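S.K.: For the record, in the sequence shown the residue sitting at position 90 is 90 according to full-length UniProt numbering, with numbers rising by one throughout. Even glycine gets a Cβ: it sits at the ideal position worked out from N, Cα and C. Note that the structure is predicted; figures quoted are calculated from it, not measured.
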Amino acid sequence: MAQYSQNLDGVFQALADPTRRAVLGRLGQGPASISELAKPFDMALPSFMKHIHLLEGSGWIRTHKTGRVRTCVIERTSFDVVETWLAEQQRLWQGRTDRLEEFVTNYEEGEQK
């Protein structure tokens with residue numbers, strides 16, 4: 001459970017920054033080189049590479065080098081981690097709101113008598 005939580009923390013930390021979310025959005029269209037990904041951002045390449053390393057370290061992307069070009073590819077497994085967590089949260093909160101609705105309905109019916 002601790003490992004799952006740590007992985008989840010890294011996955012959400014990576015999503016906390018708009019630059020990283022934009023990179024993921026672009027990679028959703030297909031693989032891209034580092035220079036292509038960095039082009040729209042007004043930052044030095046070493047600063048941009050920190051974002052790439054964080055995305056790669058958290059499992060959102062995978063990179064590979066061919067010659068002098070490093071290409072990034074989106075990694076679908078992080079989406080599965082987020083989807084699983086969100087489904088768990090949805091079940092938890094759905095059950096709580098269902099019980100609250102039942103309580104309020106029963107209370108209102110009791111008030112009407």
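Given a threshold of 16 other Cβ atoms within 10 Å of its Cβ, counted over all protein chains shown, does T19 qualify as buried or as exposed?
M.R.: The residue labelled residue 19 in the question sits at position 19 within the sequence shown. T19 should be labelled buried.
S.K.: In the region 23-107, which residue ranges form an unbroken alpha helix (DSSP H) of at least 4 residues, counting only runs that do not cross its ends?
M.R.: Listed in chain order, the complete alpha helix (DSSP H) runs (minimum 4 residues) inside the region 23-107 are 34-38 and 45-57.
S.K.: Taking just the CA atoms, how far does F48 sit from D42?
M.R.: Sequence index remark: in the sequence shown, residue 42 carries index 42 (1-based). Sequence index remark: in the sequence shown, residue 48 carries index 48 (1-based). Each residue's alpha carbon lies about 9 Å from the other.
S.K.: If I measure Cβ to Cβ from W85 and keep anything under 7 Å in the same chain, skipping five residues before and after, which residues do I get?
M.R.: Against the sequence shown, residue 85 aligns to sequence position 85. Only L8 meet the Cβ criterion.
S.K.: Judging by CA-CA distance, which residue of T77, V69, G67 and R91 is the nearest neighbour of L55?
M.R.: Residue 55 sits at position 55 when you count from the first residue of the sequence shown. Selected option, being the one with the closest Cα: T77.
S.K.: Return helix, strand or coil for D17, following the three-state DSSP convention.
M.R.: Residue numbering aside, residue 17 sits at position 17 when the sequence shown is read from its first letter. Coil, per DSSP.
S.K.: Expressed to the nearest angstrom, what Euclidean distance is found between the alpha-carbon atoms of V69 and F12?
M.R.: Taking the first residue of the sequence shown as position 1, residue 69 is located at position 69. Taking the first residue of the sequence shown as position 1, residue 12 is located at position 12. Distance between the alpha carbons of V69 and F12: 28 Å.
S.K.: In whole angstroms, give me the CA-to-CA distance for T66 and P31.
M.R.: As a position in the sequence shown, residue 66 is number 66, starting the count at 1. As a position in the sequence shown, residue 31 is number 31, starting the count at 1. Roughly 13 Å separates the two Cα atoms.
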